[in-house]
Structures are given as structure tokens and as C-alpha cells.
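Residue 83 in the UniProt record's numbering is what sits at position 83 of the sequence shown, and the numbering runs on without skipping anything.
Shown next, in C-alpha cells, is the structure this report addresses.
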Amino acid sequence: MAAHYILKLAQSLKKGLPSRQVWTTTSLVVSAQVVLMTELTDFEPLAKRFRVGTNAPTSPSSSCRGPSLCRTSSPCLPVRQGRSGQETTSADAKPKVRWLGTPISELKRMPECGGLLPPLKDVPGQHTVMIRTDLLQNGKVPVPYPAKFRDTWDDVHVKMPCSGSNLFPVEDEETRELQNKSRWELIKETLSKKFTSPLDLKDAVLKYSASYARKWDFTAIRLYCTKVLEPDAAEHLFDSLLPDMVQLALRASELCTKPIPLLKRGMNHSITMSQEQVACLLANAFFCTFPRRNSRRTEYCNYPDINLVRLFEGSSSRKIEKLKTLMCYFQSVTEQKPTGLVTFTRKSLDKPLNWKSSQTQLTKLHITCEGTIEDDGYGMLQVDFANRFVGGGVTSSGLVQEEIRFLINPELIVSRLFTEALDHNECLIITVLSGCKDKAYCGFARPEEQNQNLAAVATGNWGCGVFGGDTRLKALLQMLAAAEAGRDVAYFTFGDSQLMTDVHNMHSFLTQRSISVGEVYDLLGQYYSSVCKSCLGRRPDVSLYSFIYQQVSPSLAPDESDRRSARQQVSADTH
């Protein structure tokens, strides 16, 4: 299992962040390992960043920062004040030792470390580009390509709501016979009417989704509009924001003119679209217009939900917070059109690495119990080991680490529209580029980069919370994969200072003795066969790190080596 994990991870990291010409970049790798990392960590380490039941998710940034990935953190519409957040306790006090290892300033970031890329161009079967690359200008909204909507309704492309094949049966009043009518025309007619209450929104959505009238529940959106928003904010929502969102959604045939390919299992393919196109698709998701996406019994049963109806149901405070965040995003993109591009790349592992024979040495490690991947890992390859359905429960009640990551940058959510469930040897790379100059817009597909052009990996305790992964094992596996990919590591423990110390000590122990990736891989196998195999479901009596210490340096007792290493390293390189 460890072999599967680090093999896929190494390939993801090696293929991950593109280098640059004149860009500001942000990149996220989303991956899913069936056994070892089915889901993400629990919500508690990020409670201070996204407090359920308070006024908003908390974050240093309070607005969408176009043209990089639009970022949300606080409500753009005034809300009724609830109870304040968690009280500060002694446990919240900042530890004296905040980080260990290599200073984060010495790790490579984009765009400084990047090299040049080939021109961005559409390559059939490899890269679908949905904008006019010859008309790109800095600060200008990209022009869709082609000029007119190409209607495609098949099994290899997204079925668009504006397609002429998107039909629904209507009974003729005179003949009583069923006739197929355009669902898009009904959507346009229904959504163009003025909304004055959440009931109007509900009635509109159910008008073109009549078969779900008795199944869909709009309690959360009703509570958001009537109990959470201040009266003036609710008035603004219905008079201004929702109409703007409607206009954005109804521009689908104008903005998303090229058929969007489905990123199916086993594919190696990229899709590049403008942030305005992403916003249009998300607006359609909000109004639940995507056909064949409301039931698990359709051809999209192996794809994540994209229509947001599950976010509207129930009275969960989590969903209220999500609605605040999404409304902030829509407020931003309707007030000022974003000008960047986003690329979604699905990569499948082609051939396995021979881990046992690897002589690669571990790379640099910066590990900290403070900060976050998305803030302090800017310009790095940000990793998300995830549910095999990208975004997890972001469009429903899920609110653990992956969902929070997708809410911080809602543009990530659109990947759910076209990304089939990831297999254990696959990853999805999401990258945003901005800052075009002199029409020299560069693409994402690239030949293998030299190590000096590879940004560090920003990662953390993926899969180690409510889903029971072992933090120390996962940290070690990620270090092995990053080393094989030639990338340094910035590791965020989310407040766990003991984990910070333990992982740093292990990294120092291995690097000081020049223990290779292959040797560590072999030690993992030994640990499984000699310790774990006979545990029968209970936790091993000997920890993994103690076992490694004992096997590499038998003269040192594990506990003693832990303490000695901690004393030496804390005094040597802490902040």
C-alpha cells in the first residue's frame, strides 16, 4: 500500500506545477488513494479558519483576489451577528518553537524559480483550450473560442444546459400528447423573472426540474436569506446579486462555446478556460441547470455532484457558512470580471517506479505548526490528498480539510463538472496563471523540468483525522515522494508541535546518515512484515519511527534517540 501511495504521489509532484514566463501562479494537486487516503483530515485543526456557526470563515484575506484564483473568506453581504468565535484558552497560546528545518524563505516558489514554457495552444487529444490565445492581453478578459456555440451532446463531453438536445416532455393542452420542448428556453424564461424571496428561487429551479419537486428541500437557502442576512443585504441579494448571477449563467452559449471534454478515468488531458467561463459554469451550478446531473442513476453516476441543490437543503450551519462564502465569490466576479486562466489536468500514472532501488536522497524540509498551506505555501505546489470524487462533500454538508480548501478558492469546484472519480494511480492538477504580457501567453503542458525549476511542495496531514491515517507515516511517505520528484517540502502540522518535532527529527536522522529513498522504502516493508502483520487490527506496540531508529542505529534506544534529537535540533534551528 505504501508503494502505491508514494508512487502516485511522486508522479503527481513531478508533473505538477508548471514553470512560467511572466506569470503569477497557484497550483493544486488533487489526488485520491483508495486505501490509504480515501478522505481528508478532520475539521478541528482548521476550526479557527472556518468556524461553523459564526459569521464567516476566517482567513487573512477578505476578498477575491483576481486574477489569481478567486479567494473567499468573509461574507460580502452583511449578516446578523451571532455568538463570537471560540474563546482563547491556554491551549491556543503560540508555542515557543514555531518551525524547524530549512527556513521557508530558502524553498523555491513560483514564479521566481520557473523556466520558460511553450506557447499555449489547443492540441487535439491532449489539451482543450477554450479561449483565443492570439487576443490575450494583460488585464483583459480572455475572448472565448470559437466565436459561436458548438452544440455537442455525446458521452465524451459535458452535456451543457444550453444545448439544443436538452429537452423535456410537455403535454400539449389540446391533443394531450407529449412534445419535447427546449429546457434551455424554459430556464431562460424562468430565471429572467424577478426574485423577491427564497420561495421565488425555489419555484424557479423546480420549474425546469419538476420531477424533483417532492424530493428537493430549500431550507438552507431560505434560512440564509431570512435569518442570516440583514434586511438590507437580503434586498441587495434579490435586487442585484441574484439577477447578476442569472445574467452570468444565461451567457453559457456565449462564453462556453467549445465542447468541454470529460476527463475520464485513465486519460491524460488538460482543459484551459478563462475565469469568466469558470464563473459562468458555477452560476449554472448554483441554479441547478446542468442536465443529467441530479441522479446517481444517469451516465454521470461516477462523477461528483455539480448542481448545488444539496447545498440548499437542511438547516446545517455548515451549509449556511458555505453559502456565505459562495455569495462572496459571485459578488466579486459579477462586480469585476476576472481576467486569468485556469487549467485542469488529469494525469494517470503510466509506469511504476522502482522504489527499492532508488538512491535518491531526501530533499529539504521546512516543517511548522503555524500557518496554512494556502497562505504560507503561495507559489508552491499545494497538495490535496482527497476523496476520489474531487472536492469531497463541498456541495453538500462535508466540511473537512478538502472541502475547506475548495471553498477558499471556489473556482476549484468547477472541476467536479467534468472530472470522473480518480483512481488510485491518478491525480488532478489545477493551475491558475495570470499576468500576461505582449501576447506571450504560455501553456501548462511542458517537457520534464530541471530540478532548479521545480517549486517546493506545500502539504500537511492529509487523511489523518477522522479517517484515521497515521500522521508520522503519511509525513514520511510524502517526503519520499517529494524527494523522488526532486522537490523540497513545506509541511504544515496545523498546530501539532509534537508532530513537527517528531517529523523533523526523523528527517534530520535520515539525512545526516545519507539514508536513501530506497532504504527507507525497505524499512517500511520490514516494519510491516515484522511488526504490523501480526497486530490483527490493533495498534502496533512499536511505533514506526522507533523501529526506524532502532534498525538504522541499534546502539540508540528509540526513546533516548527521540529525546536527544529533539534537544539538539530545537537548540540548533528553531523559530
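Ideal placement from N, C-alpha and C gives every residue a C-beta, glycine not left out.
Exposed unless 16 or more other CB atoms sit within 10 angstroms - verdict on Tyr212: Per the 10 Å Cβ criterion, exposed.
Where Gln21 falls, given that 16 or more other Cβ within 10 Å makes a residue buried: At Gln21, the pLDDT of 29 sits below 50, so the modelled position is not reliable and the matter cannot be decided from this model.
Residue range of the alpha helix (DSSP H) that includes Glu313: Neither: Glu313 is in no alpha helix (DSSP H) and is coded neither H nor E.
Alpha-carbon to alpha-carbon, Ile221 and Ala481: Going from the Cα of Ala481 to the Cα of Ile221 covers about 43 Å.
Same chain, Cβ closer than 7 Å to Lys181, five either side skipped, listed in chain order: Leu167, Phe168 and Val170
Boundaries of the alpha helix (DSSP H) in which Arg346 is found, first to last residue: No alpha helix (DSSP H) holds Arg346; the beta strand (DSSP E) holding it covers Leu341 to Ser348.
Beta-bridge pairing of Lys181 - partner residues as DSSP gives them: Phe168
Integer-rounded CB distance, given that Thr272 should sit under 8 Å from Leu120: 7 Å
Boundaries of the beta strand (DSSP E) in which Ile367 is found, first to last residue: Leu365 to Thr368
Nearest-angstrom Cα separation, counted from Lys324 out to Val394: Each residue's Cα considered, the two are about 13 Å apart.
Exposure label - Arg487; buried when at least 16 CB within 10 Å: buried
Leu326 versus Ala283 - alpha carbon distance: 10 Å
Buried or exposed (CB count within 10 angstroms, at least 16 for buried), Val123: exposed
Sequence-distant residues of the same chain with beta carbon closer than 6 Å to Asn302, five excluded per side: Exclusion of the five residues before and after Asn302 leaves Glu420 and Ala421 as the residues of its chain whose Cβ lies within less than 6 Å of its Cβ.
Local conformation of Pro231 per DSSP, three classes: helix
CA nearest to the CA of Pro243, picked from Asn461, Ala204 and Lys194: Lys194
6 Å CB neighbourhood of Thr345 in its chain, flanking five on each side removed: Hits under 6 Å: Ser270 and Ile429.
Segment contact flag, the segment 507 to 526 with the segment 540 to 558, C-beta cutoff 8 Å, min 3 pairs: They touch, by the three-pair rule.
Assumed close pair Pro144, Pro291 - CB separation to whole angstroms, cut-off 8 Å: Not quite, the Cβ-Cβ distance comes to about 21 Å (not below 8 Å), so this is no contact.
Thr272 - containing beta strand (DSSP E), residue span: Per DSSP, the unbroken beta strand (DSSP E) holding Thr272 starts and ends at His269 to Ser274.
Cβ-Cβ separation, Ala204 to Leu191 (assumed contact under 8 Å), whole Å: 6 Å
Cβ-Cβ distance between Glu299 and Leu349 below 8 Å: Taking 8 Å as the Cβ cut-off, Glu299 and Leu349 do not qualify as a contacting pair.
Exposed unless 16 or more other CB atoms sit within 10 angstroms - verdict on Ala458: Counting Cβ neighbours within 10 Å, Ala458 comes out buried, since at least 16 surround it.
Residue span of the alpha helix (DSSP H) that contains Asp384, given as start and end: No alpha helix (DSSP H) contains Asp384, which is instead part of the beta strand (DSSP E) from Leu381 to Phe385.
Exposed unless 16 or more other CB atoms sit within 10 angstroms - verdict on Arg109: buried
Cβ contact check for the segment 145 to 161 and the segment 249 to 265: 3 or more pairs under 8 Å: Under the 8 Å Cβ criterion, the segment 145 to 161 counts as touching the segment 249 to 265, having at least three qualifying pairs.
Between the CA atoms of Asp376 and Gln478 - distance to the nearest angstrom: 18 Å
Selection from Leu499, Gln331, Thr431 and Thr257 that minimises the alpha carbon distance to Leu412: Thr431
Bridge partners - Thr419, DSSP secondary structure assignment: Leu263
Cβ-based neighbour list, Val503, same chain, cut-off 6 Å, excluding 5 preceding and 5 following: Ile367 and Ala475
Test item: CB-CB of Leu353 and Glu484 under 8 Å: yes
Identity of the residues DSSP links to Ala455 by a beta bridge: As far as DSSP is concerned, Ala455 takes part in no beta bridge.
Between the CA atoms of Gln275 and Leu281 - distance to the nearest angstrom: 10 Å
Pro410 to Leu399 span [Cα, whole Å]: 14 Å
Ser396 versus Val246 - alpha carbon distance: 22 Å
Element boundaries [alpha helix (DSSP H), containing Thr471]: Thr471 to Ala485
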